[in-house]
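Reading through the structure tokens given below for one structure.
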Amino acid sequence: MEKGPFSVEWLARSSRGGAREMPGESRPSPPQTPPSVPADTSRDREAAKRRSPGHEAESAGAAPGRSRTKFSAAQLQELESSFREQRYIGAGEKRRLAAVLNLSQSQIKTWFQNRRMKFKRQTQDAR
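Going by this note's numbering, the first residue of the sequence shown is number 1058, and it counts up by one from there.
Shown next, in the form of structure tokens:
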């Protein structure tokens, strides 16, 4: 198998968007930030501004600016009742619950997913 003209270094630069010329051509490259030092982006600064005090320890996967939904006792009662009847919610029931409980369909879907995981943990712990 014949090797192509592309070096590992050239491929690494091209994957970062730094190399546009063919191998063998040279042009000065801009100074690179060492990988150990994270670059401060405007997106990072914006996310830091939206963070409220006391939430610094939250996971990085959480959506910035989105607070946790606190369900009322009546909403939980209706959701639990529906869950006892059927663990997997259909589209019609999801729409009905969303309208009755004044929640979005995605909130209903997420609640059911989380409740199934809780149910799974409880049944595994009981063994």
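The beta-carbon is built from N, C-alpha and C at its ideal position, and this holds for glycine as well. In this text the structure is predicted, and so the values were computed from the model without any measurement.
Excluding the 5 residues flanking it on each side, L1158 has same chain C-beta neighbours closer than 7 Å at Q1132 and E1135, in chain order.
In this structure, L1154 places its C-beta atom within 8 Å of the C-beta atom of S1139.
In this model, S1124 and R1070 are separated by some 39 Å (Cα to Cα). R1144 and R1178 do not touch by the CB rule: their CB atoms are close to 14 Å apart, not below 8 Å.
With contacts defined by Cβ atoms closer than 8 Å, Q1164 and R1152 do not form a contacting pair.
K1175 and K1127 have their alpha carbons spaced roughly 17 Å apart. Rounded to the nearest whole angstrom, the CA to CA distance from Q1181 to F1169 is 18 Å. Where K1127 is concerned, there is no enclosing alpha helix (DSSP H), because DSSP gives it neither an H nor an E.
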